[in-house]
Structure formats: structure tokens, C-alpha cells
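For reference, the structure discussed in these notes is given below.
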Amino acid sequence: MAVNETPMSDTLKHRFQQVHDRIHQAEQTCQRDGQVQLLAVSKTKPATLVRNAWQLGQRHFGESYLQEALGKIHELADVDGIHWHFIGPVQSNKTRDISSHFDWVHSVDRLKVAQRLNEQRPKCLPPLNVCLQVNISGEATKSGVSLTELPALVQAVATMPRLQLRGLMAIPAPETDPQKQRKPFRLLTQTLKDLNSALGLSMDTLSMGMTDDLEAAIQEGSTVVRIGTALFGARDYSTGNLS
Ligand SMILES: *Cc1c(COP(=O)(O)O)cnc(C)c1O
Numbered sequence: 719m720a721v722n723e724t725p726m727s728d729t730l731k732h733r734f735q736q737v738h739d740r741i742h743q744a745e746q747t748c749q750r751d752g753q754v755q756l757l758a759v760s761k762t763k764p765a766t767l768v769r770n771a772w773q774l775g776q777r778h779f780g781e782s783y784l785q786e787a788l789g790k791i792h793e794l795a796d797v798d799g800i801h802w803h804f805i806g807p808v809q810s811n812k813t814r815d816i817s818s819h820f821d822w823v824h825s826v827d828r829l830k831v832a833q834r835l836n837e838q839r840p841k842c843l844p845p846l847n848v849c850l851q852v853n854i855s856g857e858a859t860k861s862g863v864s865l866t867e868l869p870a871l872v873q874a875v876a877t878m879p880r881l882q883l884r885g886l887m888a889i890p891a892p893e894t895d896p897q898k899q900r901k902p903f904r905l906l907t908q909t910l911k912d913l914n915s916a917l918g919l920s921m922d923t924l925s926m927g928m929t930d931d932l933e934a935a936i937q938e939g940s941t942v943v944r945i946g947t948a949l950f951g952a953r954d955y956s957t958g959n960l961s
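Residue numbers are given in my numbering: position 219 of the sequence shown equals residue 937, and the series is strictly consecutive.
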């Protein structure tokens with residue numbers, strides 16, 4: 719075994735195969751072959767599992783809790799070509815660590831956070847890729863910018879030199895009916911198109927779709943699905959490092 723390899727369970731291999739199959743089948747139903755990227759959401763899961771997923775060819779990983787993520791990023795510093803995406807709520811006092819340890823942030827939802835990430839992105843790194851998180855279902859308690867406030871935020875972020883505005887992200891209200899799941903995704907896709915043409919931008923990323931709705935998201939134009947449970951099993955919230 720090479721130095722950075724660890725024994726791997728057949729379960730992980732099988733789950734990755736299943737998720738790749740689901741993505742591929744969904745792409746085929748709408749003639750979108752090869753257009754959807756898999757972001758493996760490894761929050762609450764140990765670094766060894768991320769290493770195993772890397773051995774299976776996975777390169778992009780999503781984390782939601784900064785302290786937990788920093789531990790794994792440190793542990794996996796020897797792993798080549800691994801890309802870290804921050805997908806959790808961003809608190810202003812966490813922006814410095816986020817801007818220096820991640821390649822992407824999917825969950826920017828207010829100006830102050832964008833300004834801080836822009837100011838704090840280290841000069842030795844390329845601009846930070848960002849998606850703006852949209853409260854697409856208009857839920858009172860959810861994070862995400864409202865559709866009304868989105869255009870102003872897009873315009874502001876598009877001018878920030880140390881941020882590369884890539885697109886939009888959303889987590890719709892839970893819905894089990896696959897037909898009904900499609901509606902908020904359709905709205906997000908249309909919103910991105912409208913903003914691109916109104917503001918002369920070329921945002922290329924729609925971060926939408928999770929374990930229970932990836933098919934609906936892909937059929938409505940997702941370019942990145944964020945998958946945790948289907949790859950790594952149910953999350954373990956007992957590890958006590960989730961901040
Ligand atoms: C946890 C999480 C996911 C993964 O959800 P699953 O249903 O387990 O696939 C995706 N996106 C975000 C923002 C998350 O916090």
C-alpha cells in the first residue's frame with residue numbers, strides 16, 4: 719500500500735458507484751451528459767474517510783463546520799489535488815480562516831461577509847470562488863439572501879477583485895414529490911440566467927441538489943450536487959467539534 723492509502727470498505731466504493739450512477743442517469747434524461755460535478759459533503763466524517771474517497775477519485779469536498787474542517791484540512795495536507803468547499807453558514811468572525819483555507823464558499827449571503835472574504839483572501843492564492851446562497855423558498859428561518867435583495871448583492875460581489883463570483887446556491891424547503899421538488903430549482907436557474915443577461919455577467923455555477931433531490935436538481939440545470947448521506951451514510955453529530 720502506498721503511504722497515503724488506507725484500507726477501504728467495499729461500502730464506500732459501492733456508495734460512490736451508486737451516486738455516480740444516479741447522476742449519470744439523471745443527466746441522460748435531460749441530455750446533460752457530463753455537465754454535473756459531484757461535491758462530496760464530508761461534514762462530521764473523519765479524515766480517513768475523505769482520504770478513502772480521494773483514492774476513489776473524488777477531489778472536491780464540502781464542509782459546514784469550520785473548526786472540524788480545519789482539522790481535516792490539516793490532516794490531509796499531504797493529499798494532492800484536493801479542493802475544499804465551505805458550504806455552511808458563514809459567521810463574520812470566521813471569514814479569515816475560511817478565506818485562507820478553502821477554494822470555494824457556496825454560502826455567501828450578505829455584503830459584510832463578502833467584503834471580509836475579499837479583504838482577507840491571501841494574496842498568494844487565486845481569487846476565492848463564491849456562490850451566493852439564495853433563500854429560494856422564502857422561508858423565514860432559513861439563511862440565504864432573498865430574491866429581492868439578490869441583484870444588489872450580485873452587483874457588489876462581481877466587482878470584488880479577490881472573489882470570483884461563480885453562481886448561486888440554494889437549499890429548498892423539504893419536499894418529497896419529485897415533480898414538486900423541481901420548482902425551486904427551476905426558479906434558481908432562471909434567476910441566474912436573468913442576472914447574467916441583465917448585468918452582463920457569466921456566472922456558470924448552480925450549486926443545487928442533495929441526497930434526496932439530486933435528480934430534480936439536475937433536470938433543472940444543476941452544475942454541482944452536494945451529496946453527504948448517500949456517500950458517507952447518516953451523519954454523526956456526537957463528535958463534539960462542530961463549530
Ligand atoms: C449537509 C449538507 C448537504 C448534504 O446533504 P445530504 O442530504 O446528506 O446529501 C448539502 N448541502 C449543504 C449546504 C449541507 O449542509
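A virtual CB, placed ideally from N, CA and C, is assigned to each residue, including glycine.
Nearest-angstrom Cβ-Cβ length linking Leu932 and Ile741, presumed shorter than 8 Å
That belief holds up - the Cβ atoms of Leu932 and Ile741 are roughly 7 Å apart, short of 8 Å.
Straight-line gap, Arg828 to Val875 (C-alpha atoms, nearest Å)
Those two C-alpha atoms are separated by around 10 Å.
Can at least three beta-carbon pairs, one atom from the segment 863 to 875 and one from the segment 890 to 898, be found at a separation below 8 Å?
No, they do not touch.
How would you call Glu837, buried or exposed, if buried means at least 16 neighbouring beta carbons within 10 angstroms?
That one is exposed.
Extent of the continuous beta strand (DSSP E) run through Gly885
The continuous beta strand (DSSP E) containing Gly885 extends over residues Leu881 to Met887.
Simplified DSSP state of Phe820, which is helix, strand or coil
Three-state DSSP puts Phe820 in coil, outside helix and strand.
Give every residue of the same chain whose Cβ lies closer than 6 Å to the Cβ of Arg953, excluding the five residues on either side of it in the sequence, and list them in chain order.
So the list reads Thr762, once near-sequence residues are dropped.
State buried or exposed for Asn853, treating a residue as buried only when at least 16 other CB atoms are found within 10 Å of its CB.
Taking every protein chain shown into account, the CB of Asn853 has 16 or more other CB atoms within 10 angstroms, so this residue is buried.
Taking 8 Å as the cut-off, does the segment 784 to 795 touch the segment 813 to 832 (at least 3 CB pairs, one atom from each stretch)?
They touch, by the three-pair rule.
Nearest-angstrom Cα separation, counted from Leu917 out to Val831
Distance between Val831 and Leu917, taken at the CA atoms: about 22 Å.
His824 versus Thr947, Leu905, Gly780 and Leu794, residue with shortest Cα-Cα distance:
Checking every option, the nearest Cα to that of His824 belongs to Gly780.
Is there at least one non-hydrogen atom of ligand 1 closer than 7 Å to the beta-carbon of Thr983?
A query on residue 983 cannot be resolved here, the shown segment of the chain reaching from 719 to 961 and no further.
Specify the secondary structure class of Leu846 as computed by DSSP and reduced to three states.
In the displayed model, Leu846 falls within a strand according to three-state DSSP.
In the DSSP output, what is Phe779 paired with across the bridge?
Partner(s): Ala758 and Trp802.
With three or more C-beta pairs closer than 8 Å as the rule, is the segment 934 to 943 touching the segment 752 to 766?
Short answer: they touch.
According to DSSP, Ser925 sits in a beta bridge with which residue or residues?
DSSP links Ser925 through a beta bridge to Met887 and Val942.
May I ask you to check if the CB of Arg944 is nearer than 7 Å to at least one heavy atom of ligand 1?
Checking the Cβ of Arg944 against ligand 1 gives yes.
So, Ala771 versus Phe804, is the Cβ gap smaller than 8 Å?
At a Cβ-Cβ threshold of 8 Å, Ala771 and Phe804 do not count as neighbours.
What are the boundary residues of the alpha helix (DSSP H) that includes Val797?
Premise fails: Val797 is in no alpha helix (DSSP H) and is neither H nor E.
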